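Residue numbering for the sequence shown follows the UniProt record's numbering, starting at 1 and increasing by one per position.
Note that the Cβ used here is the ideal one computed from N, Cα and C, for glycine as well.
These numbers were taken from a predicted model, which means no experiment stands behind them.
In what follows, a single structure is set out as structure tokens and then discussed.
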Amino acid sequence: MELSGDAPIRVAPEMLLFPRPSALKEICWDRSLDEKSTFYGTGLFGPPNLFTSLSSVDHTPLRKALGAGPWAIGELRKDWEKSMDDQVLLFTKVMTEKANAGETVDLCDKVAQFSAEIMTVFSFNQPWGFVKDSRDERGLLHSWREGLDFIGFSARFTFFRKHILNLPGVASWALPKPSIQRGMGHLIHEADQAITQREYEISQGIYPEKPDFLQQVSSIERCTESRSCLDARINGEPLTPLQKRSHVTLLIQAGADTTGTALGAIIRFLTTTPGCYSKALAQIREAEAKNLLSTPIQDEEVRAHLAYLIGAVKEGMHLNPSVSNWLPRVVPPGGKMIDGFFVPGGTDITCQAMVVQRDPILFGPDPDAFRPERWMEGKDVELKHGMFLFGVGPRGCLGKEIALMENYKLISEVSDLIPLAFGDIQSWKIERVLDKVVRRFDIEVLKQGIYASAGGVSHNEGFIVKMHPQKAD
1 MELSGDAPIR
11 VAPEMLLFPR
21 PSALKEICWD
31 RSLDEKSTFY
41 GTGLFGPPNL
51 FTSLSSVDHT
61 PLRKALGAGP
71 WAIGELRKDW
81 EKSMDDQVLL
91 FTKVMTEKAN
101 AGETVDLCDK
111 VAQFSAEIMT
121 VFSFNQPWGF
131 VKDSRDERGL
141 LHSWREGLDF
151 IGFSARFTFF
161 RKHILNLPGV
171 ASWALPKPSI
181 QRGMGHLIHE
191 ADQAITQREY
201 EISQGIYPEK
211 PDFLQQVSSI
221 ERCTESRSCL
231 DARINGEPLT
241 PLQKRSHVTL
251 LIQAGADTTG
261 TALGAIIRFL
271 TTTPGCYSKA
281 LAQIREAEAK
291 NLLSTPIQDE
301 EVRAHLAYLI
311 GAVKEGMHLN
321 PSVSNWLPRV
331 VPPGGKMIDG
341 FFVPGGTDIT
351 CQAMVVQRDP
361 ILFGPDPDAF
371 RPERWMEGKD
381 VELKHGMFLF
391 GVGPRGCLGK
401 EIALMENYKL
411 ISEVSDLIPL
421 AFGDIQSWKI
431 ERVLDKVVRR
441 FDIEVLKQGI
451 YASAGGVSHN
461 EGFIVKMHPQ
471 KAD
């Protein structure tokens, strides 16, 4: 999308889109603009939750209750990085097996499955088998994507959202239910099953060794003095059964395919942009030569020693944001000045990641180019303020650090394990030891694939790769 000028654009009868990153701070940090639009009020994501709460009065206590979980980077490293390492190592092992078998794989699907597995571990303290069995376990990713087009249609068609969806019988037909084993209803069903089982275990005095997100929203009695109180509470009361189920569903919705989309986009850009992969690999090799990296590489090591790879991660998310939706707020009565323009009260206002993140004033004359060096030129803090994919301000994504950790860890390993060259076969050598065998592979990219969007949520399709094993030295 190419825009000229700074003026807001009417994208719907009641909605203005502000095209410049400078509007983000005014829209997302101003507490008077903390009311979300009815754009979120379709009900198609399931029961009301932290993301779909329109009123700040409802959102603030929920955020406080659920924000007490292990979302900070220090806590994630301490409590969850080892579990993530296990899945990273398993992922590389499975990819090795596929190479030995001469299989053709959709690499974007595989990293989406990895991301979904991390969410099941974080939510339920155990993997479902996405990585081990190399498949879309329980159809979770398919079910998520299946419902997105209708959600996008309903949110954007104001008359349909406000009037048709509220007609008797229509809501019961359109809204997701656990009894309907497809789309969002399937995700709600899985959350319901998991919570019911955990609540039964709690009633029998059985608790997991390590508190997970499910434990945080499920427990009604047990609370420790550690940093993670096992039951989320609002005004001293535990979450209702509906709130518990809606927020476990939300965690899967928010973190599985979206992070997988980022992983796929970053790998595709790295491997199809001339010179980028070799620069990332050279930096990894240099850090390895200085004994600065572990196996698998730790999040802290990536952030300290792999600046080019971090730039590549941020650049991939800058160009192909996982969420390209409108995320509108409502202007309070009396109106508001936004980015130099007066907006009447009651108007929906928004920015959009694909627009603000390609702003030529902020991102330079090449905003559409994949150039990781952009984040290494002393403007990274300024550029960060123009990124909208995780949201901004008090309504920003709670799981941002989980997503970044996944990206940094898997991309660093994949960059070390799977160098690709679009259109040809490239020989390479792994310097790491997997199962005590140093392996060689030839990797052939058969199809570059596409970045697609459904209902304002993105995913990757058709990044087809064939791996050809060679003899180990």
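Q. Are there three or more Cβ pairs, one per stretch, closer than 8 Å when the stretch 27-34 is compared with the stretch 386-401?
A. Verdict: yes, contact present.
Q: Would you kindly work out how many angstroms separate the C-alpha atoms of Ser123 and Gly255, rounded to a whole number?
A: Near 10 Å, if we compare the C-alpha coordinates of Gly255 and Ser123.
Q | Outcome for Glu373 when other beta-carbon atoms lying within 10 angstroms are tallied against a minimum of 16 | A | Glu373 is classed as exposed because its beta carbon has fewer than 16 other beta carbons within 10 Å across all chains shown.
Q.
With DSSP as the reference, identify every bridge partner of Arg10, one or two as the case may be.
A. As computed with DSSP, Arg10 is found in a beta bridge with Leu16.
Q | Tyr295 in three-state terms, based on DSSP | A | For clarity, residue 295 is Thr in the given sequence; the question names Tyr instead. DSSP places Thr295 in coil when its eight states are reduced to three.
Q: Go to Glu373, then tell me how far its beta strand (DSSP E) extends in each direction, as first and last residue.
A: Glu373 -> no beta strand (DSSP E), and no H or E assigned at all.
Q: Name the one or two DSSP bridge partners that Arg233 has.
A: Pro238, per the DSSP bridge assignment.
Q: Could you tell me which of Leu148, Pro332 and Leu263 sits nearest to Asp109, measuring between CA atoms?
A: Checking every option, the nearest Cα to that of Asp109 belongs to Leu263.
Q | Limits of the alpha helix (DSSP H) - the one that Ile118 falls within | A | In the DSSP assignment, Ile118 falls within the unbroken alpha helix (DSSP H) covering Leu107 to Phe124.
**Q.** Candidates Phe39, Asp136 and Thr350, of which the one nearest Arg10 by Cα
**A.** When only C-alpha atoms are compared, the closest one is Thr350.
Q. With a CB to CB cut of under 8 Å and the five nearest residues on each side skipped, what residues in its chain are close to Ser179?
A. Hits under 8 Å: Gly185 and His189.
Q. Which value, in whole angstroms, describes the spacing of the CA atoms of Ala232 and Pro238?
A. Counting only the Cα atoms, Pro238 lies some 6 Å from Ala232.
Q) In the DSSP assignment, what are the bridge partners of Ala454? A) As DSSP reads the structure, Ala454 sits in a beta bridge with Val457.
Q: From the DSSP output, in three-state form, read off Phe342 for me.
A: In the structure shown, Phe342 falls within a strand segment according to DSSP collapsed to helix, strand and coil.
Q.
Across the stretch 234-249 and the stretch 90-102, are there enough close Cβ pairs to call them in contact, namely three or more that are closer than 8 Å?
A. Touching, no, given that fewer than three Cβ pairs across the two stretches are closer than 8 Å.
Q) Roughly how far, in whole angstroms, is the beta-carbon of Val131 from the beta-carbon of Ser83, given that I think they are within contact range, below 8 Å? A) With a Cβ gap of about 12 Å, Val131 and Ser83 do not count as contacting.
Q. Under three-state DSSP, which class holds Ile73?
A. DSSP places Ile73 in the helix class (H, G or I) of the three-state scheme.
Q. Bridge partners of Lys82, per DSSP?
A. In the DSSP assignment, Lys82 forms no beta bridge with any residue.
Q | Inter-residue Cα distance where the pair is Ala72 and Leu404 | A | Ala72 and Leu404 have their C-alpha atoms spaced approximately 12 Å apart.
Q) Helix, strand or coil: how does DSSP classify Ile180 here? A) Here Ile180 sits in coil by DSSP.
Q.
Once DSSP output is grouped into helix, strand and coil, what is the label at Arg145?
A. Residue state for Arg145 is assigned as helix, using DSSP reduced to three classes.
Q: Please classify Met317: does DSSP put it in a helix, a strand, or coil?
A: DSSP places Met317 in helix when its eight states are reduced to three.
(Q) So the candidates are Leu24, Arg285, Gln298 and Pro13; which of them puts its Cα closest to the Cα of Leu327? (A) Nearest C-alpha to Leu327: Leu24.
Q) For Ala65 versus Ile234, is the C-beta distance shorter than 7 Å? A) Pairing Ala65 with Ile234 gives a Cβ-Cβ distance under 7 Å.
(Q) Please classify Leu270 as buried or exposed, where buried requires at least 16 other C-beta atoms within 10 Å of its C-beta. (A) The residue in question, Leu270, is buried, as its Cβ has 16 or more Cβ neighbours within 10 Å.
Q: Using the Cα positions of Ser22 and Gly386, report the straight-line distance between them to the nearest angstrom.
A: Distance between Ser22 and Gly386, taken at the CA atoms: about 8 Å.
Q: Take Glu406 as the anchor and find which of Phe114, Met95, Lys210 and Ser246 has the nearest alpha-carbon.
A: When only C-alpha atoms are compared, the closest one is Phe114.
(Q) Tell me which residues share the same chain as Leu446 and place their Cβ nearer than 8 Å to its Cβ, disregarding the 5 neighbours each side in the sequence. (A) Closer than 8 Å at Cβ, skipping near neighbours: Thr104, Ile464, Val465 and Lys466.
Q) Is it the case that the Cβ atoms of Tyr308 and Lys290 are separated by a distance below 7 Å? A) Cβ atoms of Tyr308 and Lys290: not closer than 7 Å.
Q. To which residues does DSSP link Asp133 through a beta bridge?
A. In the DSSP output, where bridge partners are listed per residue, Asp133 has none listed.
Q | Per DSSP, cross-strand counterpart(s) of Glu63 | A | The question names Glu, yet the displayed sequence has Arg at residue 63. Arg63 is not bridged to any residue.
Q. Just how far apart, CA to CA, sit Glu97 and Leu383?
A. One alpha carbon belongs to Glu97, the other to Leu383, and they sit about 40 Å apart.
Q. Looking at the structure shown, is Val331 part of a helix, part of a strand, or coil, going by DSSP?
A. When secondary structure is reduced to three states using DSSP, Val331 falls in the coil class, being assigned neither helix nor strand.
**Q.** Residue range of the alpha helix (DSSP H) that includes Ile361
**A.** DSSP places Ile361 in the uninterrupted alpha helix (DSSP H) bounded by Pro360 to Phe363.
(Q) So, at 6 Å on beta carbons, what are the nonlocal neighbours of Asp136 in its own chain, with the 5 sequence-adjacent residues on each side left out? (A) Sequence-distant Cβ neighbours of Asp136 in its own chain, meaning closer than 6 Å and more than five residues away, are His142.
Q. So is Met337 buried or exposed if we call it buried at 16+ other beta carbons inside 10 Å?
A. Under this definition Met337 is an exposed residue.
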